[in-house]
């Protein structure tokens with residue numbers, strides 16, 4: 306008998322033993338006989354082969370929890386050590402470093418903006434010059450035409 310057949314046979318026997326109605330118990334017994342027959346065994350031979358291969362499930366104390374003294378505090382729930390607080394000098398130093406970084410970032414952004422504005426002004430000047438040349442060419446063609 307394969308482990309799958311053994312498992313199914315045990316479940317059918319459990320239904321035959323603990324079914325809620327007589328019909329469920331009869332259906333469980335019939336299913337157990339079919340599983341035993343598919344393994345070329347009789348019901349008694351299959352019961353003997355299966356025996357009590359599984360240990361009984363442990364008894365659960367739910368809904369009654371164990372007494373308070375028996376419970377352990379999980380490691381994640383234990384209080385942490387108090388963190389070492391930074392001194393005033395450390396806070397002032399950190400704030401000064403942050404301010405200096407902000408000033409450097411702002412200065413770099415200002416330089417980048419000035420460079421972009423200069424490039425844009427140069428581009429606009431070239432475009433005005435080219436448009437002026439086109440306008441003069443157009444005016445000459447109208448005058449001679």
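In this note's numbering, the protein residues as written are 306 to 450. Backbone N, C-alpha and C define an ideal beta-carbon position, used for all residues, glycine too.
In angstroms with no decimal places, state the Cα-to-Cα distance between residue i and residue j.
{"i": "residue 437", "j": "residue 430", "result": "10 Å"}
{"i": "residue 398", "j": "residue 412", "result": "21 Å"}
{"i": "residue 333", "j": "residue 356", "result": "17 Å"}
{"i": "residue 440", "j": "residue 418", "result": "32 Å"}
{"i": "residue 423", "j": "residue 405", "result": "27 Å"}
Assuming residue i contacts residue j under a Cβ cut-off of 8 Å, what Cβ separation, rounded to an integer in Å, is found between them?
{"i": "residue 306", "j": "residue 354", "result": "6 Å"}
{"i": "residue 314", "j": "residue 341", "result": "7 Å"}
{"i": "residue 330", "j": "residue 321", "result": "5 Å"}
{"i": "residue 348", "j": "residue 335", "result": "Their Cβ separation, rounded to whole angstroms, is 10 Å, which puts residue 348 and residue 335 out of contact at 8 Å."}
For residue i, count the other beta carbons within 10 Å of its own beta carbon; 16 or more makes it buried, fewer makes it exposed. Which is it?
{"i": "residue 318", "result": "buried"}
{"i": "residue 414", "result": "exposed"}
{"i": "residue 382", "result": "exposed"}
{"i": "residue 351", "result": "buried"}
Going by Cα to Cα distance, which pick from the options is closest to residue i?
{"i": "residue 339", "options": "316, 324, 416, 424", "result": "316"}
Tell me whether residue i sits in a helix, a strand or coil according to DSSP, three-state version.
{"i": "residue 377", "result": "coil"}
{"i": "residue 344", "result": "coil"}
{"i": "residue 316", "result": "helix"}
{"i": "residue 324", "result": "coil"}
{"i": "residue 398", "result": "helix"}
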